[in-house]
Amino acid sequence: MRRASVLDEFTRRHVPFEHWFNVRDLGGYATGNSTVGWKRFYRAGTPSRINEADVERARSLGVTSIIDLRRDDEAARDEVRAAEVLGVAYHRLPIISEAESMDALVAAGISSDRYLRFLETGSEAFRQIFAVLGEPSTYPVIVHCTAGKDRTGVVSAMTLELLGVPRATIEADYAMTNIERERAVAYWQIRGGWFTTAAPALVDYALGVPPEAISGFLDGLEARYGGAEAYLRGLGVAADLIRGLRAALGGAGK
3 MRRASVLDEF TRRHVPFEHW FNVRDLGGYA TGNSTVGWKR FYRAGTPSRI NEADVERARS
63 LGVTSIIDLR RDDEAARDEV RAAEVLGVAY HRLPIISEAE SMDALVAAGI SSDRYLRFLE
123 TGSEAFRQIF AVLGEPSTYP VIVHCTAGKD RTGVVSAMTL ELLGVPRATI EADYAMTNIE
183 RERAVAYWQI RGGWFTTAAP ALVDYALGVP PEAISGFLDG LEARYGGAEA YLRGLGVAAD
243 LIRGLRAALG GAGK
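Using the working numbering, the first residue of the sequence shown is number 3, and each one after it goes up by one.
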């Protein structure tokens, strides 16, 4: 996809906030014989620093649920409890175990292997995440982690696959994080802290994504499990819940 086209697509679905990054609407993607509904599923970074203007903007989205993919130690640092402020249902379902060292995860870098490991070590979380996404009352929903790119990227990619969105579109959606990266870097540099002196590779890890990571993940998901639906059914996610997700988001699946 040409750079201009990518920027246009990003602008079409990006939801701007002052203190909240990587918030994007998954609506509008073609699913074969339908399109994903707008204003139903928002993927995002953490809303832990939102101000009053951001709260009002978030309320205007009509969100009824937040699914938080972070660990206890990450959530404990929140300056703002967004779900409480917004008065919406809150589901914190950590994909990464507290037993896993964050330093080790950083050292391992961003890769398809790391994402595929999520499916192994976080299987119970995935079962619960997609059980929640299968309930009509969940929507509109915000799904977020810290940066809104790795854990959120995997859940978003699996959701889009369940809806029948083409592979190239899923990969392009994932890569849009790199457009928001520029604004996030500027935000943190103004506020000082480690971003002002961090090595470029560490900043890329914290805020960017390598497009090949999601491509390899989708390959592995298909090769190892037979795709997102087969993986979730193997975890015990009922077919009715997967149909519920598709009905709520407007996709017909494969």
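Idealized CB from N, CA, C, for every residue including glycine.
#### Entry: residue 240 - containing alpha helix (DSSP H), residue span
It is not in any alpha helix (DSSP H) - residue 240 carries neither H nor E in the DSSP assignment.
### residue 255, DSSP secondary structure in three states
Unreliable placement is indicated for residue 255, whose pLDDT of 44 sits below 50; the coordinate value is still reported in the next sentence. Correct three-state label for residue 255: coil.
### Task
Specify, as a first and last residue, the run of the beta strand (DSSP E) that residue 68 falls within.
67–70
### Within 9 Å, strictly: CB atoms of residue 150 and residue 43
no
### Message
Given this structure, state the Cα-to-Cα distance separating residue 182 from residue 227, to the nearest angstrom.
### Response
32 Å
### Query
Is the CB-CB distance between residue 93 and residue 68 below 9 Å?
It is a contact, given that the beta carbons lie within the stated cut-off.
### Query
Does DSSP classify residue 129 as helix, strand or coil?
helix
### Query
Hey, quick one: how far does the alpha helix (DSSP H) through residue 143 stretch, first residue to last?
From DSSP, residue 143 is part of no alpha helix (DSSP H) but of the beta strand (DSSP E) over 143–146.
### Task
Please classify residue 73: is it buried, with 16 or more other beta-carbons within 10 angstroms of its beta-carbon, or exposed?
The residue is buried, with at least 16 neighbouring Cβ atoms inside 10 Å.
### Task
Mind checking who residue 44 pairs with in its DSSP beta bridge?
In the DSSP assignment, residue 44 is bridged to 27 and 144.
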